[in-house]
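Student:
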Amino acid sequence: MPVWTPAEQWQRTALFLFARLQFPRFPLADDLLLSHLERTFQLYQAKQEAPLSWQAYLDGLYILDWYVCVGCLERLETAWETLFAARTGRTDCLLVDALRLRAARLYPSDLAAQEQAVSEFWSRLLVPDRPASLPILARYDGRRPLVPWLIRVFQNEHISRLRQTPDNSLEEDDHFVPADLRPADAGASRWRELFVQAAQEWLSQLPEEDLLLLGLRWRYRLNQREAARLFGLNEGTLTRRTDKLRERALDYFRRRLEAEGWTGEDLTPFILSELGQVLTDDPRLSADHLAFLLAQRQAKQAAS
């Protein structure tokens, strides 16, 4: 465990104070927060190849998400109320509804399996499923947004289970979303921020047709057949449109980063760790706006 410098101690105090101001209904004492901070630091350090400083850890800490998680681990009712009320984005659904949507996709037409999957997940947030394992919330290291991380953990666990069965219900485009993939070294923080800016710029320039395609395929995880039916296209045409959209996005991201001096080759770590949150937070990809775009498109088709 690294020794705290005076500057790091001040940063820690400021973060604790900020979190308490944001959540006055469940103030947590400094000594309790410090013990949890040391615990989550060790969780994150175990995933890194090089020793980490406190400043490097605190600079990337999602303090409010971390604070809510600590409150839940301490079994504070108000903290749990905050988690239950959390949404997957500024305009998206509640966490429990998001889990149900994932369960419905993983176990189509099996309502019992869907309910069991969600109920089991909730029960394991505080209680481990095996004696030597950690509860789900105790595995959170604070370096990612809490709600998207919980959804990824839920999805990845069930995809892993389904892939072990010979007759599973996974769509061809279902895949793992790594919950721990984020550039580890401090120098990558700048490139991560630039990538987020580039992704936001690219998204703001998308025409409505591409925006709708992105929303239906990514946000609502429609498979190729379902999306093609909604767009009134054959699957081959939709695949080509999706591929072109992906290629244009990657080209835009790469050119923006290279203009700032980036010399790397693989954008995958940035895409997997950052792009999902950018898409989740954009109001143009909200449920209401996508429904409006879809209705508008269908009205035009009916009139033509």
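The sequence shown lines up with residues 1 to 304 when you count with the UniProt record's numbering. Using N, Cα and C, we set each Cβ at its ideal position, and we do this for glycine too.
1) Kindly indicate which three-state DSSP category arginine 190 falls into: helix, strand or coil?
2) Can you give the Cα-Cα distance for serine 160 and arginine 75, rounded to whole angstroms?
3) Hey, would you say leucine 212 sits closer than 8 Å to leucine 275, going by beta carbons?
4) Contact defined as beta carbons within less than 8 Å: I believe leucine 58 pairs with glutamate 8. What is the distance between those atoms, to the nearest angstrom?
5) Can you tell me whether aspartate 65 is buried or exposed, with buried defined as 16 or more other CB within 10 angstroms of its CB?
6) By Cβ distance below 6 Å, which residues in the same chain neighbour alanine 198 in space, the five residues on each side in sequence not counted?
7) Would you call tryptophan 149 buried or exposed, if buried means 16 or more other Cβ atoms sit within 10 Å of its Cβ?
8) From the DSSP output, in three-state form, read off arginine 297 for me.
9) With a cut-off of 8 Å, do at least 3 Cβ pairs link the stretch 38-55 to the stretch 91-100?
10) Would you report the Cα separation of glycine 285 and leucine 15, rounded to the nearest angstrom?
11) What residue from Phe18, Thr13 and Pro24 has the CA that sits closest to tryptophan 54's CA?
12) Using the beta-carbon count (16 or more within 10 Å), is alanine 291 buried or exposed?
13) Give the straight-line distance between the Cα atoms of phenylalanine 84 and arginine 25, rounded to the nearest whole angstrom.
14) Is tyrosine 107 near alanine 113, with beta carbons less than 8 Å apart?
15) Alanine 132 to leucine 32, Cα distance in whole Å?
16) Among Gln48, Gln22, Leu137 and Trp80, whose alpha-carbon lies nearest the alpha-carbon of histidine 36?
17) Classify alanine 19 as buried or exposed, calling it buried when 16 or more other Cβ atoms lie within 10 Å of its own Cβ.
18) Just to confirm before moving on: does the CB-CB distance between glutamate 258 and leucine 194 stay below 8 Å?
19) Mark glutamine 205 as exposed unless 16 or more other C-beta atoms lie within 10 angstroms of its C-beta, in which case mark it buried.
20) Output the residue ranges of the alpha helix (DSSP H) runs that lie fully inside the stretch 43-84 and measure 4 residues or longer, sorted by chain position.
21) Please name the residue in Thr78, Lys47, Met1 and Gln298 whose C-alpha comes closest to that of glutamine 22.
22) Straight-line CA distance for arginine 240 to leucine 222?
23) Are the CB atoms of leucine 233 and aspartate 282 nearer to each other than 8 Å?
Tutor: In short:
1) Taking the first residue of the sequence shown as position 1, residue 190 is located at position 190. The answer is helix: DSSP assigns arginine 190 an H, G or I state.
2) Position 160 of the sequence shown, counted from the start, is the residue given in the question as residue 160. Position 75 of the sequence shown, counted from the start, is the residue given in the question as residue 75. Straight-line Cα distance between these residues: approximately 30 Å.
3) Sequence index remark: in the sequence shown, residue 212 carries index 212 (1-based). Sequence index remark: in the sequence shown, residue 275 carries index 275 (1-based). No, they are not a contact pair.
4) Within the sequence shown, numbered from 1, the residue matching residue 58 stands at position 58. Within the sequence shown, numbered from 1, the residue matching residue 8 stands at position 8. With a Cβ gap of about 7 Å, leucine 58 and glutamate 8 count as contacting.
5) Taking the sequence shown and counting its residues from 1, one reaches residue 65 at position 65. Buried.
6) Along the sequence shown, one-based indexing puts residue 198 at 198. Closer than 6 Å at Cβ, skipping near neighbours: Phe253 and Arg256.
7) Indexing the sequence shown from 1 puts residue 149 at position 149. Label assigned to tryptophan 149: buried.
8) Your numbering for residue 297 matches position 297 in the sequence shown. Looking at arginine 297 - three-state DSSP - the assignment turns out to be helix.
9) no
10) As a working mapping, residue 285 is identified with position 285 in the sequence shown. As a working mapping, residue 15 is identified with position 15 in the sequence shown. In the sequence as presented, glycine is not what sits at residue 285; that position holds leucine. Spanning the two alpha carbons is a distance of roughly 31 Å.
11) Walking along the sequence shown from the start, residue 54 turns up at place 54. Among Phe18, Thr13 and Pro24, the Cα nearest to that of tryptophan 54 is on Thr13.
12) In the sequence shown, the residue the question calls residue 291 occupies position 291. Exposed: under 16 other Cβ atoms inside 10 Å.
13) On the sequence shown, residue 84 is found 84 positions in, with the first residue counted as 1. On the sequence shown, residue 25 is found 25 positions in, with the first residue counted as 1. If you take the alpha carbons of phenylalanine 84 and arginine 25, they lie about 15 Å apart.
14) By one-based count along the sequence shown, residue 107 stands at place 107. By one-based count along the sequence shown, residue 113 stands at place 113. Yes, they are a contact pair.
15) Against the sequence shown, residue 132 aligns to sequence position 132. Against the sequence shown, residue 32 aligns to sequence position 32. Rounded to whole angstroms, alanine 132 to leucine 32 spans 24 Å at the Cα level.
16) Within the sequence shown, the letter at position 36 stands for residue 36. Closest by alpha carbon: Leu137.
17) Taking the sequence shown and counting its residues from 1, the one referred to as residue 19 is at position 19. Buried is the call here.
18) Residue mapping note: residue 258 aligns to position 258 of the sequence shown, counting from 1. Residue mapping note: residue 194 aligns to position 194 of the sequence shown, counting from 1. In this structure, leucine 194 does not lie closer than 8 Å to glutamate 258 by Cβ.
19) Position 205 of the sequence shown holds residue 205. The residue is exposed, with fewer than 16 neighbouring Cβ atoms inside 10 Å.
20) 54-59 and 63-73
21) Mapped onto the sequence shown, residue 22 falls at position 22. Closest by alpha carbon: Thr78.
22) The sequence position of residue 240 within the sequence shown is 240, counting from 1. The sequence position of residue 222 within the sequence shown is 222, counting from 1. Spanning the two alpha carbons is a distance of roughly 16 Å.
23) One-based indexing of the sequence shown puts residue 233 at position 233. One-based indexing of the sequence shown puts residue 282 at position 282. Cβ atoms of leucine 233 and aspartate 282: not closer than 8 Å.
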